[in-house]
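See below for the structure under consideration.
Number of protein chains: 2
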Amino acid sequence: MNQIILYILLVLGISQMTMAQNPLSNKYDLMPWPKEIKEKPAKFLINSDVTISIHSEHSERVRNAAVNFIRRLSARTGVFFNEGFPLENKKGTIQISYDEVVTLNLKADESYTLNTNDSLIEIKAQTDLGALRGLQTLLQLTDHNSSTYFFPGISIFDAPRFVWRGLMIDVSRHFHPVNVIKRNLDAMASMKMNVFHWHLTDDQGFRIESKAYPKLQELASDGLFYTQEQIKEVVTYADHLGIRVIPEIDVPGHASAILTAYPELGSKADYHYAIERFSGVFDPTLNPTLDTTYVFLETLFAEITPLFPDKYFHIGGDENEGKHWNENQEIQKFKKKHKLKTNHDLQTYFNIKLEKILNKLGKKLMGWDEIMTPDMPTSAVIHSWRGENEGLPNGGSLIAAAKKGYQTVLSNGYYIDRMLSVEHHYSNDPIKNIELTPEERSRILGGEATMWSELVTSQTIDSRIWPRTAAIAERFWSSKDVNDVENMRKRLKTVSFRLEELELTHIKNKAVILRGMTNNQDISSLETLTNICEPLKVYARNKDGVEYKTYSPFNLFADACIVDAPDALIFNQHVTAFIKTPNNNNQTAVLNCLYKWAANDAQFSKLRMNPKISALNTLSKSLSNASKGLSEVLQNEDISETTIDQIQSNIDILSQEFMDTEVVIIDALNKLVSYCKTNLKTN
Amino acid sequence: MNQIILYILLVLGISQMTMAQNPLSNKYDLMPWPKEIKEKPAKFLINSDVTISIHSEHSERVRNAAVNFIRRLSARTGVFFNEGFPLENKKGTIQISYDEVVTLNLKADESYTLNTNDSLIEIKAQTDLGALRGLQTLLQLTDHNSSTYFFPGISIFDAPRFVWRGLMIDVSRHFHPVNVIKRNLDAMASMKMNVFHWHLTDDQGFRIESKAYPKLQELASDGLFYTQEQIKEVVTYADHLGIRVIPEIDVPGHASAILTAYPELGSKADYHYAIERFSGVFDPTLNPTLDTTYVFLETLFAEITPLFPDKYFHIGGDENEGKHWNENQEIQKFKKKHKLKTNHDLQTYFNIKLEKILNKLGKKLMGWDEIMTPDMPTSAVIHSWRGENEGLPNGGSLIAAAKKGYQTVLSNGYYIDRMLSVEHHYSNDPIKNIELTPEERSRILGGEATMWSELVTSQTIDSRIWPRTAAIAERFWSSKDVNDVENMRKRLKTVSFRLEELELTHIKNKAVILRGMTNNQDISSLETLTNICEPLKVYARNKDGVEYKTYSPFNLFADACIVDAPDALIFNQHVTAFIKTPNNNNQTAVLNCLYKWAANDAQFSKLRMNPKISALNTLSKSLSNASKGLSEVLQNEDISETTIDQIQSNIDILSQEFMDTEVVIIDALNKLVSYCKTNLKTN
């Protein structure tokens, strides 16, 4: 057989064998993982002569991306580049080309090819967006040995699985200034995300300047809002990153802020509307029977929509429980007169009027899945937030919407404020194994991670969004069969670290919070505790929405803790390995964790106590006691009932909540106790 | 004697005895230290019932400051306040009052009184500015025991020594976005500073949007500039903090950026003007003989001045070496024609024309001290940057200006980019012991720390400004006799830590840089090195301005290091103490440092090497070797010439530069060697 053909067959064979997950993902920490990737024997050295050139129509996006690429590469490698800007009229050692500069929209092609050789790197794409995506991949390929940095020889073809890969940020419950939004846009772009959904209004604040209705920001924002200039600044910034911006003005519910400014539009007369300080679902609702309501919304939308060039406009529409509608006789009469049986019908009436207003303004209405009522036209876009756990059939409102003919976007399973593991989100495939016709499939645009901010301030928001959202971004971009959790975790670790280059605070702000808690003492013992504790999940923190107000402190122990507590993850793996194979190595790995925790309370006890940390005393003591006991038992292979009882009682204490966190090594500790009981001899 | 009179005399006596430095400064970490402070037996508990009320005409400043006060107090204490905003129409437990709301200006009174009692705190001031200053002092008084936070019983009267207490930030050499400026304004306000001098233009970039001359930002900023809206945003933000904003448009020198956009205004025909990438003093200079130059400046100033309500306007005027003037025959003819003998005379001609333009616009011209030529009217304000070290007589240009009749502001001695110790700046009294008439004294307005940004990016700028600038702020606010360096250092430590509340990155970004250097490995060994190394001083880094370009990496080892390296400071004190009194305690203190360093290289050697850290290998090895040797010698009281020689040779190696830093324990190490040689027996 011809050797070349043999080689081709071999390559094809390997790539088919590894279809499930490319073994190169053990070597390269790319995220999202590309569609096709091949290694080749080459090495492009990163030295001061590296230059970059763009060989296509001018694109402000690509120009900016190229400058940022050079800056980040220089910062990452320490290499002093001779040229700090893309070359003009000359070929660089990194060459970028694309066929057209596009306006951001759902159909814009984002594919690219990337080829690295010894002395030349080429990024080619159909659109300038594809070029952006390719540059991000190239940056992730930066590698080094002890004496030099380089790009490995590689050939990539890449394209996304879904066209809508979004992140929603709620800026109402807590306001997040422009720079916080910008750095998160940078992070999104580095993960090839392309939709920023800006939840601009809610009960807790109206966050966008209106010149037509200035009371909105004057009376309903506590002074925390974006000027129209700032909105434009963010939208332009996002556009340069290839990110569409979808604004959300949440109506008719979630309207406490709007009605604080314009109570005459409310459904309940003589009600004292005020900016909401708690969390939850509240009663203030726009009155859908008033002409003035529609005048207000039409005027407001006419003012706001030009700031957002994207075609999609989100009107919220969620969680209207209709209490104030029920209490208003005029509204009830209106329902009868218009043959609207239920409040849902009334809201559909409202939504359909809004859709007409938005259509006139050239916009497509999008709303949370409550808007999907029988009369709602399929021109609306359904944002699916409810699934099987919310009582819906398999596939939730997403699949239902697609089958009914709506375009739809999935957020169910991507509520990152629920504080669930990255594994949970990563394993949530939008389509699962549900059979769809090509038309139905094409209506599923993609998904959005949602960062609701009831318990999140600008100090902590990065650590709530990242790194988990990077794994969600991969779920939206990469093939369905890129789904190995351990491999994802390995790559995510690098990705998370690299996000610090973009001024993200998800790593560094932990120490800030702990320094604050200790009043500038040694934080190492608290750090150890944060590494095995996670914030309470699924809204168990802030029960009923009344433990915290919007202005309560959010720099407490729970705020320093993160999901996927790193030491817990490691310990749990060690324990599993040890119980499966109780050899010396595995025992040592377990013991080293236990020793560290056993010693931790001595360190903690040295702290000058204050009210912010004294509540951790029990946690610290019980952890050290349980760990000390267990390590002694494991070491001595010698066990008495008293000892085990003491260990168990400490573990039971650790199973409580501590300052809105839970200790996430309980199962592993209990497994160790069981192991000891079963396998070690009793005195 | 009447007991009351006795008491009064006693109090007066005590206060005179302690005039030098109030002993309460050992107890309270206030900075700047207030004018008068007394303790009293009281304790105001900080619980959820704390409220704040304002009993005077509305001041947006005070309202904002009160809200920020509550937020910061809540974050600091973890207390959940019931009321998150100042009370209206009700008396709070913290009451603020003032006589008038003022427009910011040189003469605005900033004094205040602060009285804390068990259940009531009162801040009273002549102006709303005074109230702001008082709130900052109160926040600094936050104290705690193990179970509660409280304000101690205290009575303060406070007022500043100088009316001009400024910080200059150069945003040309490296651009610093709005959020970086804002957080530094917050920090300034917390140190009661009241002038932000914004160095907006220089050879490396023109950073303010001009609608009249848009090429300035289009061609001469690399896209990094403030829009006029952003300028307004910052000016308003500063005003709310009681901070005046003085813009600087540096002319006629430092003009490479301006001339990149409008080369026709340059002094040298056919010269290729381009944004400067290096540092230093460059030749491009406006042509002062052209009418168009003045049309340009008048139009530009007319556009810019309304953005800055303050009366003072800085025109730079420094470091024009006149090379291009000398080379231009037309300019030479012009000089002859106008009887201008020197280039200084020509520049004075230029400055006087500028002063007239600015006067018409209602502004007072301010410039660096080169503008102080014999013909310059005394209506100009002299910004003194040259002193005795620059060859001027005692008191430098500051005293000269005051004696000649100019208002003047001191920056000589406060160049924080020179990387000198906080002690150096703190000990630099503006007036020293120079005798001045009251008129002369009144012309010395105060001073400004200057943050030139050739070697400073947004990632590192906070660590270059803070905490040293807090000590400079105290020099400008507090009495001359508040000058105990050790006491200042103790208070500064707390102040520096508290600045993290304002999102300053001066502490947390060290770890970010080190994580980047190690590619996310254990940074503890590098941290140890940064704690004894300081960035090269007085421009020894970036020799001749050509080692670094503006786009070179500034996240290297030197950028992680800070002035006043903390471990070095401690070690140097221990060594001094030990040599003075070589007892066990003092020896142990020295040995503990040496042990830590001796062990450090083992940790460092575990790192997977890369080009960013491999250059530290020699530093790490020599430090460990010298420390190991010295600790063995000290412990054994046994010394051979070979051992000492080896130690000495390691110290000699440590005396080199390492990646643009110097090791600042060399003197102490050498002292230890001498001590050993002299006092320990030789084998």
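Line by line, the protein sequences give chains A and B.
For the first sequence, the positions run 1 to 683 when the UniProt record's numbering is used.
For the second sequence, the positions run 1 to 683 when the UniProt record's numbering is used.
Backbone N, C-alpha and C fix where the C-beta goes; we use that ideal spot for every residue, glycine too.
Computed from a predicted model, the values in this text were never measured in an experiment.
When DSSP builds the beta bridges, which residues end up paired with Ser155 of chain B?
B:Lys38 and B:Asn115
If we call anything under 7 Å between Cβ atoms a contact, is Ile37 of chain A one with Ile156 of chain A?
yes
Less than 7 Å between CB atoms is the rule here; does Met609 of chain B satisfy it with respect to chain A?
yes
Between the beta-carbon of Ala255 of chain B and the beta-carbon of Thr285 of chain B, is there less than 7 Å?
yes
Is DSSP giving Phe81 of chain B helix, strand or coil here?
coil
What is the C-beta distance between Asn610 of chain B and His144 of chain A, in whole angstroms, given that I count them as a contact (C-beta under 8 Å)?
5 Å
Can you pull the chain B residues whose beta carbon is under 8 Å from the beta carbon of Pro177 of chain A, in chain order?
Asn179
Give me, in chain order, the residues of the same chain whose beta-carbon lies closer than 6 Å to that of Leu241 of chain A; leave out the 5 immediate sequence neighbours on both sides.
Leu185 and Ala189
In chain B, which residues lie less than 7 Å from Tyr226 of chain A when you measure between Cβ atoms?
Going along chain B, no residue has its Cβ under 7 Å from Tyr226 of chain A, so there is no contact; the nearest lies around 11 Å.
Using a Cβ-Cβ cut-off of 7 Å, state whether Pro467 of chain B counts as contacting chain A.
no
Any C-beta of chain A sitting closer than 7 Å to the C-beta of Asn105 of chain B?
no
Could you work out which residues of chain A lie near Leu556 of chain B, taking near to mean beta carbons separated by less than 8 Å?
Gly78
Below 7 Å on C-beta distance, what does Val512 of chain A contact in chain B?
Glu500 and Lys508
Is Lys580 of chain B close to chain A? Criterion is C-beta to C-beta, closer than 7 Å.
no
Mind listing, in chain order, the continuous beta strand (DSSP E) runs of no fewer than 3 residues lying wholly within the stretch 368-434 of chain B?
381-384 and 407-410
Show which residues of chain A have a CB atom less than 9 Å away from the CB atom of Lys549 of chain B.
Phe80, Phe81, Asn82 and Gly84
When Cβ atoms are compared, which residues of the stretch 134-150 of chain B fall closer than 9 Å to chain A?
His144, Asn145, Ser146, Ser147, Thr148 and Tyr149
Give me the chain B residues within the contact set of residue 690 of chain A, using Cβ-Cβ distance strictly less than 8 Å, ordered along the chain.
Any question about residue 690 of chain A goes unanswered here, given that chain A covers just 1 to 683.
Name the chain B residues that come within less than 7 Å of Arg515 of chain A, Cβ to Cβ?
Phe497 and Glu500
Does the distance from the CB of Asn351 of chain B to the CB of Ile382 of chain B come in under 7 Å?
no
Using three-state DSSP, classify Met17 of chain A as helix, strand or coil.
Since pLDDT at Met17 of chain A reaches only 42, below the 50 mark, its modelled position is unreliable, and no value is offered.
Residue-level contact to chain B via CB, Lys490 of chain A, 7 Å cutoff
no
Those runs of the beta strand (DSSP E) which lie wholly inside the stretch 507-540 of chain A and span at least 3 residues
533-535
Could you please give the first and the last residue of the uninterrupted beta strand (DSSP E) stretch that includes Ile123 of chain B?
Ile121 to Thr127
Applying the criterion that 16 or more other CB atoms from any shown protein chain within 10 Å of the CB defines a buried residue, is Glu233 of chain A buried or exposed?
buried
Determine the burial state of Val538 of chain A: buried for a count of at least 16 other Cβ atoms within 10 Å of its Cβ, exposed for fewer.
exposed
Between Gly134 of chain B and Tyr112 of chain B, is the Cβ-Cβ spacing less than 7 Å?
yes
The stretch 332-345 of chain B touching the stretch 265-278 of chain B, judged by at least three CB pairs closer than 8 Å:
no
Proximal residues of chain B, C-beta to C-beta of Pro152 of chain A below 7 Å
Correct list: empty, because the minimum Cβ distance to chain B is about 15 Å.
Would you kindly report the start and end of the unbroken alpha helix (DSSP H) that includes Thr299 of chain B?
Asp291 to Ile304
Answer yes if the stretch 521-533 of chain B comes into contact with the stretch 80-100 of chain A, meaning at least three C-beta pairs across the two stretches below 8 Å, and no otherwise.
no
Cβ-based burial, Ser119 of chain A [other Cβ within 10 Å; buried from 16]:
exposed
Along the beta strand (DSSP E) that carries Ala449 of chain B, what are the first and last residues, could you check?
Ile444 to Met451
Mark Gln136 of chain B as exposed unless 16 or more other C-beta atoms lie within 10 angstroms of its C-beta, in which case mark it buried.
buried
Who are the near neighbours of Asn419 of chain B in its chain, counting only those whose CB is closer than 6 Å to its CB and skipping five residues on each side?
Correcting the residue identity first, residue 419 of chain B is Met in this sequence and not Asn. Counting only Cβ-Cβ distances below 6 Å, and skipping sequence neighbours, we find Pro535, Lys537 and Val563.
Alpha helix (DSSP H) segments (min. 4 residues) lying fully within the stretch 224-277 of chain A:
228-240 and 256-261
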